[in-house]
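Below: the structure, in C-alpha coordinates.
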Amino acid sequence: MSTEGVYGAQNEGKSNLDHIYTQTDPRSYFSTLKPLHYIIPEQAKSIFKALCETIAADRPDEQVTVVDVGCSYGINGAILKYDISMDDLYRRYGSHEANDLTRAELLSSDREMLDHCPRNENFNVIGLDTSEEAVHYAMEAGYLDQGIVANLEQEELTPREAEIIQNADMIISTGCVGYVTENTFTSLLKSFKTDALPWVASFVLRMFPYDSIIHKLDGKGLFTEKLLEHEFVQRDFESDEEKSHVIERLKAIEIDPAGKEAGGKYYADFFLSRPEDEIKENPLSDILEGNVAYKPQVMLLAQ
13 MSTEGVYGAQ
23 NEGKSNLDHI
33 YTQTDPRSYF
43 STLKPLHYII
53 PEQAKSIFKA
63 LCETIAADRP
73 DEQVTVVDVG
83 CSYGINGAIL
93 KYDISMDDLY
103 RRYGSHEAND
113 LTRAELLSSD
123 REMLDHCPRN
133 ENFNVIGLDT
143 SEEAVHYAME
153 AGYLDQGIVA
163 NLEQEELTPR
173 EAEIIQNADM
183 IISTGCVGYV
193 TENTFTSLLK
203 SFKTDALPWV
213 ASFVLRMFPY
223 DSIIHKLDGK
233 GLFTEKLLEH
243 EFVQRDFESD
253 EEKSHVIERL
263 KAIEIDPAGK
273 EAGGKYYADF
283 FLSRPEDEIK
293 ENPLSDILEG
303 NVAYKPQVML
313 LAQ
(Lines of atoms letter the chains of each structure in order from A; the text may use other names.)
(Lines give C-alpha, C1' and ligand atoms only; values in the text may rest on other atoms or scores of the structure.)
Protein backbone atom coordinates (compact mmCIF):
# COMPACT_ATOMS: atom_id res chain seq x y z
CA MET A 13 0.00 0.00 0.00
CA SER A 14 1.32 3.43 -0.85
CA THR A 15 1.26 5.99 1.93
CA GLU A 16 3.70 8.41 0.29
CA GLY A 17 3.04 11.95 1.39
CA VAL A 18 1.18 10.79 4.49
CA TYR A 19 3.48 8.39 6.32
CA GLY A 20 6.28 8.38 3.75
CA ALA A 21 8.94 10.00 5.93
CA GLN A 22 8.14 7.76 8.89
CA ASN A 23 8.32 4.60 6.78
CA GLU A 24 11.50 5.63 4.99
CA GLY A 25 13.89 4.04 7.48
CA LYS A 26 11.76 1.09 8.60
CA SER A 27 13.05 -2.35 7.78
CA ASN A 28 11.19 -3.80 4.80
CA LEU A 29 9.59 -7.09 5.84
CA ASP A 30 7.02 -7.19 3.04
CA HIS A 31 8.20 -10.57 1.81
CA ILE A 32 6.99 -12.42 4.91
CA TYR A 33 3.36 -11.46 4.28
CA THR A 34 3.11 -12.94 0.79
CA GLN A 35 4.27 -16.52 1.32
CA THR A 36 1.85 -19.41 0.85
CA ASP A 37 2.05 -20.25 4.57
CA PRO A 38 3.15 -18.43 7.76
CA ARG A 39 6.44 -20.23 8.46
CA SER A 40 8.60 -17.39 7.08
CA TYR A 41 6.44 -14.85 8.95
CA PHE A 42 7.10 -16.50 12.31
CA SER A 43 10.75 -17.39 11.69
CA THR A 44 11.47 -13.76 10.76
CA LEU A 45 9.52 -12.13 13.58
CA LYS A 46 10.52 -14.46 16.42
CA PRO A 47 14.09 -13.07 16.74
CA LEU A 48 12.54 -9.58 16.78
CA HIS A 49 10.24 -10.58 19.65
CA TYR A 50 7.13 -9.43 17.78
CA ILE A 51 4.43 -9.51 20.43
CA ILE A 52 1.77 -6.86 19.78
CA PRO A 53 -1.12 -9.33 19.17
CA GLU A 54 -0.44 -10.86 22.60
CA GLN A 55 -0.23 -7.38 24.12
CA ALA A 56 -3.57 -6.48 22.54
CA LYS A 57 -5.42 -9.67 23.48
CA SER A 58 -6.68 -8.67 26.93
CA ILE A 59 -7.98 -5.32 25.65
CA PHE A 60 -9.75 -6.78 22.61
CA LYS A 61 -11.32 -9.50 24.75
CA ALA A 62 -12.56 -6.96 27.30
CA LEU A 63 -14.10 -4.86 24.52
CA CYS A 64 -15.75 -7.88 22.91
CA GLU A 65 -17.16 -9.04 26.24
CA THR A 66 -18.59 -5.56 26.85
CA ILE A 67 -20.31 -5.61 23.46
CA ALA A 68 -21.56 -9.17 24.05
CA ALA A 69 -23.05 -8.29 27.44
CA ASP A 70 -25.95 -6.50 25.72
CA ARG A 71 -26.81 -9.50 23.52
CA PRO A 72 -25.52 -12.72 25.05
CA ASP A 73 -27.09 -14.98 22.42
CA GLU A 74 -25.27 -13.39 19.46
CA GLN A 75 -21.68 -13.57 18.27
CA VAL A 76 -19.45 -10.50 18.37
CA THR A 77 -18.02 -9.91 14.90
CA VAL A 78 -14.60 -8.28 14.54
CA VAL A 79 -12.95 -6.98 11.36
CA ASP A 80 -9.16 -7.26 11.64
CA VAL A 81 -7.49 -4.70 9.34
CA GLY A 82 -4.06 -5.88 8.18
CA CYS A 83 -4.84 -9.38 9.44
CA SER A 84 -1.93 -11.11 7.63
CA TYR A 85 -2.12 -14.82 8.56
CA GLY A 86 -4.95 -14.34 11.05
CA ILE A 87 -2.88 -14.07 14.21
CA ASN A 88 -5.36 -11.87 16.08
CA GLY A 89 -8.14 -14.24 15.07
CA ALA A 90 -6.21 -17.27 16.29
CA ILE A 91 -5.45 -15.90 19.74
CA LEU A 92 -8.88 -14.29 20.22
CA LYS A 93 -10.92 -17.33 19.19
CA TYR A 94 -8.75 -20.06 20.68
CA ASP A 95 -6.69 -20.78 23.78
CA ILE A 96 -3.49 -20.02 21.84
CA SER A 97 -0.63 -17.64 22.60
CA MET A 98 2.00 -16.03 20.38
CA ASP A 99 4.59 -18.31 21.99
CA ASP A 100 2.47 -21.31 20.97
CA LEU A 101 2.43 -20.10 17.37
CA TYR A 102 6.17 -19.39 17.34
CA ARG A 103 6.89 -22.89 18.61
CA ARG A 104 4.44 -24.43 16.18
CA TYR A 105 5.62 -22.83 12.95
CA GLY A 106 9.29 -22.81 13.94
CA SER A 107 9.50 -26.50 14.77
CA HIS A 108 11.51 -29.03 12.79
CA GLU A 109 8.31 -31.01 12.27
CA ALA A 110 6.54 -28.06 10.66
CA ASN A 111 9.54 -27.29 8.46
CA ASP A 112 9.28 -30.69 6.77
CA LEU A 113 5.56 -30.45 5.93
CA THR A 114 3.98 -29.43 2.66
CA ARG A 115 1.48 -26.56 2.75
CA ALA A 116 -1.42 -29.03 2.63
CA GLU A 117 0.07 -31.08 5.46
CA LEU A 118 0.67 -27.96 7.53
CA LEU A 119 -2.96 -26.87 7.06
CA SER A 120 -4.18 -30.32 8.04
CA SER A 121 -2.03 -30.14 11.16
CA ASP A 122 -3.40 -26.68 11.97
CA ARG A 123 -6.99 -27.87 11.71
CA GLU A 124 -6.25 -30.87 13.90
CA MET A 125 -4.69 -28.58 16.50
CA LEU A 126 -7.77 -26.33 16.53
CA ASP A 127 -10.08 -29.34 16.85
CA HIS A 128 -8.44 -30.04 20.21
CA CYS A 129 -8.19 -26.41 21.32
CA PRO A 130 -10.90 -24.71 23.42
CA ARG A 131 -12.70 -22.08 21.33
CA ASN A 132 -14.51 -18.94 22.37
CA GLU A 133 -17.67 -19.40 20.29
CA ASN A 134 -18.71 -15.79 20.89
CA PHE A 135 -16.06 -14.39 18.53
CA ASN A 136 -16.37 -14.21 14.75
CA VAL A 137 -13.33 -12.74 12.99
CA ILE A 138 -13.24 -11.31 9.47
CA GLY A 139 -9.78 -10.55 8.12
CA LEU A 140 -8.85 -7.78 5.68
CA ASP A 141 -5.46 -7.65 4.01
CA THR A 142 -3.82 -6.96 0.67
CA SER A 143 -2.07 -10.35 0.73
CA GLU A 144 -4.15 -13.01 -0.96
CA GLU A 145 -1.75 -15.71 0.24
CA ALA A 146 -2.00 -14.71 3.89
CA VAL A 147 -5.80 -14.29 3.95
CA HIS A 148 -6.43 -17.58 2.18
CA TYR A 149 -4.13 -19.48 4.52
CA ALA A 150 -5.77 -17.97 7.59
CA MET A 151 -9.22 -18.92 6.32
CA GLU A 152 -8.22 -22.45 5.37
CA ALA A 153 -6.55 -23.00 8.73
CA GLY A 154 -9.57 -21.71 10.64
CA TYR A 155 -8.00 -18.62 12.19
CA LEU A 156 -10.40 -16.39 10.25
CA ASP A 157 -14.10 -17.06 9.74
CA GLN A 158 -14.13 -14.96 6.59
CA GLY A 159 -11.56 -12.96 4.67
CA ILE A 160 -11.37 -10.05 2.25
CA VAL A 161 -8.41 -9.34 -0.02
CA ALA A 162 -8.45 -5.65 -0.89
CA ASN A 163 -6.33 -2.50 -0.89
CA LEU A 164 -8.70 0.13 0.47
CA GLU A 165 -6.10 2.84 0.02
CA GLN A 166 -6.72 2.56 -3.71
CA GLU A 167 -10.08 0.87 -4.18
CA GLU A 168 -13.51 0.42 -2.62
CA LEU A 169 -15.06 -2.72 -1.23
CA THR A 170 -17.24 -4.63 -3.67
CA PRO A 171 -20.95 -4.88 -2.78
CA ARG A 172 -20.36 -8.48 -1.67
CA GLU A 173 -17.41 -7.51 0.54
CA ALA A 174 -19.39 -4.63 2.05
CA GLU A 175 -22.17 -7.07 2.84
CA ILE A 176 -19.73 -9.35 4.67
CA ILE A 177 -18.69 -6.63 7.13
CA GLN A 178 -21.82 -4.46 7.36
CA ASN A 179 -23.00 -5.97 10.66
CA ALA A 180 -19.59 -6.12 12.35
CA ASP A 181 -19.33 -4.81 15.89
CA MET A 182 -15.71 -3.70 15.94
CA ILE A 183 -12.81 -2.89 13.62
CA ILE A 184 -9.40 -3.70 15.09
CA SER A 185 -5.80 -3.17 14.03
CA THR A 186 -2.45 -3.95 15.61
CA GLY A 187 0.13 -2.00 13.67
CA CYS A 188 -1.29 -1.48 10.19
CA VAL A 189 -1.65 2.31 10.62
CA GLY A 190 1.36 3.70 8.83
CA TYR A 191 0.69 1.37 5.93
CA VAL A 192 -2.96 2.36 5.79
CA THR A 193 -4.43 5.84 6.26
CA GLU A 194 -7.84 7.34 6.88
CA ASN A 195 -8.76 6.17 3.36
CA THR A 196 -9.04 2.57 4.53
CA PHE A 197 -11.15 3.40 7.58
CA THR A 198 -13.40 5.72 5.58
CA SER A 199 -13.96 3.02 2.98
CA LEU A 200 -14.81 0.45 5.65
CA LEU A 201 -17.31 2.70 7.40
CA LYS A 202 -19.25 3.23 4.16
CA SER A 203 -20.53 -0.32 4.61
CA PHE A 204 -22.35 0.53 7.86
CA LYS A 205 -25.61 2.29 8.60
CA THR A 206 -25.10 5.55 10.46
CA ASP A 207 -27.05 4.25 13.47
CA ALA A 208 -25.08 0.99 13.63
CA LEU A 209 -21.44 2.01 13.41
CA PRO A 210 -18.76 -0.32 14.75
CA TRP A 211 -16.23 0.50 17.43
CA VAL A 212 -12.73 1.16 16.07
CA ALA A 213 -9.88 -0.15 18.25
CA SER A 214 -6.36 0.64 17.03
CA PHE A 215 -2.86 0.00 18.31
CA VAL A 216 -0.73 2.63 16.57
CA LEU A 217 3.06 2.90 16.62
CA ARG A 218 4.01 6.13 18.36
CA MET A 219 5.95 7.37 15.32
CA PHE A 220 2.75 7.48 13.24
CA PRO A 221 0.35 10.40 13.83
CA TYR A 222 -3.24 9.15 14.21
CA ASP A 223 -4.84 12.59 14.00
CA SER A 224 -6.16 12.37 10.45
CA ILE A 225 -7.89 9.07 11.20
CA ILE A 226 -9.35 10.45 14.43
CA HIS A 227 -10.68 13.43 12.44
CA LYS A 228 -12.39 11.18 9.89
CA LEU A 229 -13.89 8.97 12.60
CA ASP A 230 -15.07 12.07 14.45
CA GLY A 231 -16.86 13.19 11.29
CA LYS A 232 -18.72 9.88 11.26
CA GLY A 233 -19.83 10.30 14.88
CA LEU A 234 -17.15 8.07 16.41
CA PHE A 235 -15.24 9.88 19.15
CA THR A 236 -11.87 8.72 20.40
CA GLU A 237 -10.48 7.80 23.79
CA LYS A 238 -6.75 7.28 24.24
CA LEU A 239 -5.21 5.05 26.88
CA LEU A 240 -2.64 7.08 28.80
CA GLU A 241 0.48 6.16 30.75
CA HIS A 242 0.71 2.72 29.18
CA GLU A 243 2.28 1.89 25.85
CA PHE A 244 2.57 -1.51 24.20
CA VAL A 245 5.65 -3.23 22.82
CA GLN A 246 5.36 -4.22 19.17
CA ARG A 247 8.80 -5.68 18.38
CA ASP A 248 12.53 -5.08 18.61
CA PHE A 249 14.26 -2.90 16.05
CA GLU A 250 15.96 -4.98 13.38
CA SER A 251 19.03 -2.74 13.22
CA ASP A 252 20.72 0.30 14.73
CA GLU A 253 19.76 2.19 11.57
CA GLU A 254 16.07 1.42 12.10
CA LYS A 255 16.34 2.49 15.74
CA SER A 256 18.05 5.77 14.82
CA HIS A 257 15.43 6.53 12.19
CA VAL A 258 12.52 5.94 14.58
CA ILE A 259 14.07 8.03 17.33
CA GLU A 260 14.68 10.85 14.85
CA ARG A 261 11.04 10.72 13.67
CA LEU A 262 9.73 10.70 17.25
CA LYS A 263 11.78 13.74 18.17
CA ALA A 264 10.52 15.49 15.02
CA ILE A 265 6.95 15.16 16.32
CA GLU A 266 8.01 16.01 19.88
CA ILE A 267 7.59 12.54 21.42
CA ASP A 268 10.25 11.56 23.93
CA PRO A 269 11.74 8.11 23.14
CA ALA A 270 13.53 7.85 26.51
CA GLY A 271 12.69 4.65 28.37
CA LYS A 272 10.87 3.24 25.37
CA GLU A 273 12.13 3.32 21.76
CA ALA A 274 15.56 4.42 23.01
CA GLY A 275 15.77 0.99 24.62
CA GLY A 276 15.49 -0.73 21.25
CA LYS A 277 11.80 -1.52 20.72
CA TYR A 278 8.81 -0.15 18.86
CA TYR A 279 5.98 1.03 21.13
CA ALA A 280 2.32 1.58 20.27
CA ASP A 281 -0.49 3.65 21.78
CA PHE A 282 -4.07 2.40 22.04
CA PHE A 283 -7.12 4.31 20.78
CA LEU A 284 -10.81 3.38 20.92
CA SER A 285 -13.43 5.26 18.88
CA ARG A 286 -17.19 4.92 19.56
CA PRO A 287 -20.45 6.89 19.51
CA GLU A 288 -20.55 9.53 22.23
CA ASP A 289 -23.46 8.00 24.13
CA GLU A 290 -21.62 4.68 24.42
CA ILE A 291 -18.53 6.42 25.78
CA LYS A 292 -20.64 8.13 28.45
CA GLU A 293 -22.44 4.92 29.33
CA ASN A 294 -19.30 2.79 29.54
CA PRO A 295 -15.97 4.69 29.60
CA LEU A 296 -12.91 2.80 28.41
CA SER A 297 -11.37 3.04 31.88
CA ASP A 298 -14.35 1.13 33.32
CA ILE A 299 -14.19 -1.51 30.59
CA LEU A 300 -10.50 -2.18 31.21
CA GLU A 301 -10.62 -2.01 35.00
CA GLY A 302 -9.93 -5.51 36.29
CA ASN A 303 -9.12 -6.84 32.81
CA VAL A 304 -5.61 -5.44 32.63
CA ALA A 305 -2.77 -5.57 35.15
CA TYR A 306 -2.49 -1.78 35.53
CA LYS A 307 -4.72 1.13 36.51
CA PRO A 308 -6.20 2.35 33.21
CA GLN A 309 -6.05 6.10 32.69
CA VAL A 310 -7.98 7.39 29.71
CA MET A 311 -8.47 10.73 27.96
CA LEU A 312 -11.28 11.66 25.60
CA LEU A 313 -9.53 13.46 22.75
CA ALA A 314 -10.73 16.87 21.61
CA GLN A 315 -13.62 16.68 19.16
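Positions 13 to 315 (our numbering) are the ones given, in order, by the sequence shown.
Built from N, CA and C at the ideal position, the CB exists for glycine as well.
The Cβ atoms of Leu-92 and Val-147 do not sit closer than 8 Å to each other. Using a C-beta cut-off of 8 Å, the stretch 74 to 94 makes contact with the stretch 125 to 141, since at least three inter-stretch Cβ pairs fall below that distance. CA-CA distance, Ser-58 to Pro-171, rounds to 33 Å. With contacts defined as CB atoms closer than 8 Å, Leu-313 and Trp-211 fail to qualify as a contacting pair. Per DSSP, reduced to three states, the secondary structure at Thr-114 is coil, with no helix or strand assignment.
For secondary structure counted as the beta strand (DSSP E) over 3 or more consecutive residues, the stretch 187 to 273 holds these complete runs in sequence order: 211 to 217, 235 to 240 and 244 to 248. At least 8 Å separates the beta-carbon of Leu-240 from that of Val-161. Excluding five sequence positions before and after Ser-224, the CB atoms of its chain that fall closer than 6 Å to its own CB belong to Glu-194, given in chain order. Cβ atoms of Cys-129 and Asp-80 stay farther apart than 8 Å, at about 19 Å. Between Glu-145 and Thr-36, the C-beta gap is smaller than 8 Å, which places the two residues in contact. Residue environment for Ser-256: exposed (fewer than 16 other C-beta atoms within 10 angstroms of its C-beta). Under the three-state reduction of DSSP output, Thr-44 falls in the helix class. Under the three-state reduction of DSSP output, Val-161 falls in the strand class. Distance check between Asn-111 and each of Leu-48, Gln-158, Ser-40 and Pro-53 places Ser-40 closest, using alpha-carbon atoms only. Within its own chain, the residues whose Cβ lies closer than 6 Å to the Cβ of Glu-152, once the five positions on either side in sequence are excluded, are Leu-119, listed in chain order. For Val-304, the secondary structure class from DSSP, reduced to helix, strand or coil, is coil. In the three-state DSSP reduction, Arg-131 falls in the strand class (E or B). Annotated three-state conformation of Tyr-85 is coil, per DSSP. The Cβ atoms of Leu-217 and Tyr-155 do not sit closer than 8 Å to each other. For Val-147, DSSP records no beta bridge to any residue. When rounded, the separation of the alpha-carbon atoms in Phe-249 and Leu-229 is 31 Å. Ser-214 and Asp-127 have their C-alpha atoms roughly 30 Å apart.
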